[in-house]
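Last residue of the sequence shown: number 1474 in our numbering, and the count goes up by one each step with no gaps.
Heads up: the structure comes next, in structure tokens.
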Amino acid sequence: MIICRSIDAMRSQVRAWRREGLRIGFVPTMGFLHDGHLSLVDAAARRADRVVLSIFVNPTQFGPNEDFEAYPRDAARDEALCRARGVQALFYPERAAMYAADHSTWVVEEALTTGLCGRSRPGHFRGVTTVVTKLFNIVQPDVAVFGRKDAQQALVIERMVRDLDIPVEVVVAPICREADGLALSSRNVYLSPDERRRALCLSQGLRAAEARVAAGERRAAVLCADLAAAIQAAGGRVDYVECVSRRTLATLSTLDEPALLAVAAFFGRTRLIDNAYLG
Ligand code: AMP
1196 MIICRSIDAM RSQVRAWRRE GLRIGFVPTM GFLHDGHLSL VDAAARRADR
1246 VVLSIFVNPT QFGPNEDFEA YPRDAARDEA LCRARGVQAL FYPERAAMYA
1296 ADHSTWVVEE ALTTGLCGRS RPGHFRGVTT VVTKLFNIVQ PDVAVFGRKD
1346 AQQALVIERM VRDLDIPVEV VVAPICREAD GLALSSRNVY LSPDERRRAL
1396 CLSQGLRAAE ARVAAGERRA AVLCADLAAA IQAAGGRVDY VECVSRRTLA
1446 TLSTLDEPAL LAVAAFFGRT RLIDNAYLG
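Here it is in structure tokens:
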């Protein structure tokens, strides 16, 4: 596995592969890797000859009162996991290489980012779309894989790629969960054992909503109210619970089109997100 710490090193590796006619798959991450990230590596490997994984804790997608400084980091462990999973190149840029002190150009998606996490985390998606554009320009992958764990993010990236004619195929991979249902997240490490137990209300609440829909429920307000009540009963603090169109992320009152039940909630100081497809 090659480790590229500079943009130039990454670009020349990609150029060499391209000269050989190889297809390049890309998995952007913020590191502290878990099986969810590694499932994206497998998905990329199925669609490409070489897999590049980037690790960059992107400062511009964190709000001033968020966890940028505290975000978990473990370079040695991440490197070993990538090696073991068959990643061919690890792109590990420095902050100063990615953002000049006078960086002043941004990529902004203006429709899909107005609700859900976009409402709770102003500026977050501007940071995401900008850094993903930069990473796409550096790696120039044929295919890039994102997780449905961040369903809004995946949709925003698909829209951005379409709107800006970025020549990459975007693949969205399923959510990886622990055996008890908790969606894998680098932030799970912040949870105390008690908070982790309480946080199971998210996946359990989503499964309950799926069961209600299978039994015929179509009222979004009922599904959202039940999930919010389950979170409160477990001692979590709801950020949002919303039933939205899977296509436009517009709020739905009735499940008359494919829907996304999306949730964000705090357990202690840790904010977790999860979601389910309904209908
Ligand atoms: P992050 O390092 O949190 O920025 O995530 C990097 C990529 O991994 C994103 O495309 C996420 O959606 C994806 N990801 C994170 N957690 C999971 C999970 N539990 N299952 C599948 N993909 C995930």
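All C-beta atoms in this analysis are idealised placements derived from N, C-alpha and C, irrespective of residue type, glycine included.
**Message:** According to DSSP, is residue 1468 part of a helix, a strand, or is it coil?
**Reply:** strand
**Message:** Spatial neighbours of residue 1449 within its chain, please: C-beta separation below 8 Å, excluding the five flanking residues on both sides.
**Reply:** 1413, 1414, 1415
**Item:** Touching by the beta-carbon criterion (3+ pairs, under 8 Å), the stretch 1307 to 1319 and the stretch 1434 to 1454
**Value:** yes
**Message:** I'd like the ranges of any beta strand (DSSP E) spanning at least 3 consecutive residues and lying wholly in the stretch 1201 to 1271.
**Reply:** 1219 to 1224, 1245 to 1250
**Item:** residue 1294 (DSSP reduced to helix, strand or coil)
**Value:** coil
**Message:** Bridge partners for residue 1285 per DSSP, in chain order?
**Reply:** 1198, 1248
**Prompt:** Whose CA, out of 1289, 1337, 1427, 1272, lies closest to the CA of residue 1241?
**Reply:** 1337
**Message:** Given a cut-off of 8 Å on the beta-carbon distance, is the pair residue 1196 and residue 1284 in contact?
**Reply:** yes
**Message:** By the DSSP assignment, the alpha helix (DSSP H) with residue 1312 in it spans what residues?
**Reply:** 1311 to 1315
**Prompt:** Considering only the beta carbon of each residue, do residue 1355 and residue 1436 sit closer than 8 Å?
**Reply:** no
**Request:** Compare the C-alpha of residue 1378 against each of 1275, 1246, 1471 and name the closest.
**Result:** 1471
**Asked** residue 1246: which of 1253, 1238, 1252 sits nearest, CA to CA?
**Response** 1238
**Item:** Given residue 1236 as reference, the closest of 1281, 1266, 1213 once Cα atoms are compared
**Value:** 1281
**Message:** Any heavy atom of the ligand AMP closer than 7 Å to the beta-carbon of residue 1248?
**Reply:** no
**Message:** Please state the DSSP three-state secondary structure of residue 1390.
**Reply:** helix
**Item:** Span separating the alpha-carbon of residue 1372 from that of residue 1231
**Value:** 8 Å
**Residues bridged to residue 1443 [DSSP beta-bridge criterion]** = In DSSP, residue 1443 forms no bridge with anything.
**Request:** Tell me whether residue 1225 counts as near the ligand AMP, meaning its Cβ is closer than 7 Å to at least one heavy atom of that ligand.
**Result:** yes
**Request:** Would you give the residue range spanned by the beta strand (DSSP E) that residue 1364 belongs to?
**Result:** 1364 to 1368
**Asked** Residue range of the beta strand (DSSP E) that residue 1460 falls in?
**Response** 1454 to 1462
**Asked** If we ignore side chains and look at the alpha-carbon of each, how far apart do residue 1421 and residue 1400 end up?
**Response** 8 Å
**Prompt:** Cα-Cα, which of 1279, 1206, 1200 is closest to residue 1250?
**Reply:** 1200
**Message:** Considering Cα atoms alone, identify which of 1432, 1369, 1322 is closest to residue 1465.
**Reply:** 1432
**Prompt:** Given a threshold of 16 other Cβ atoms within 10 Å of its Cβ, counted over all protein chains shown, does residue 1425 qualify as buried or as exposed?
**Reply:** buried
**Terminal residues of the beta strand (DSSP E) in which residue 1429 lies** = Segment: none, residue 1429 is in no beta strand (DSSP E) and carries neither H nor E.
**Request:** Would you mind reading off the limits of the alpha helix (DSSP H) that contains residue 1342?
**Result:** Where residue 1342 is concerned, there is no enclosing alpha helix (DSSP H), although the beta strand (DSSP E) it sits in stretches over 1338 to 1342.
**Asked** What's the C-alpha gap between residue 1394 and residue 1296?
**Response** 39 Å
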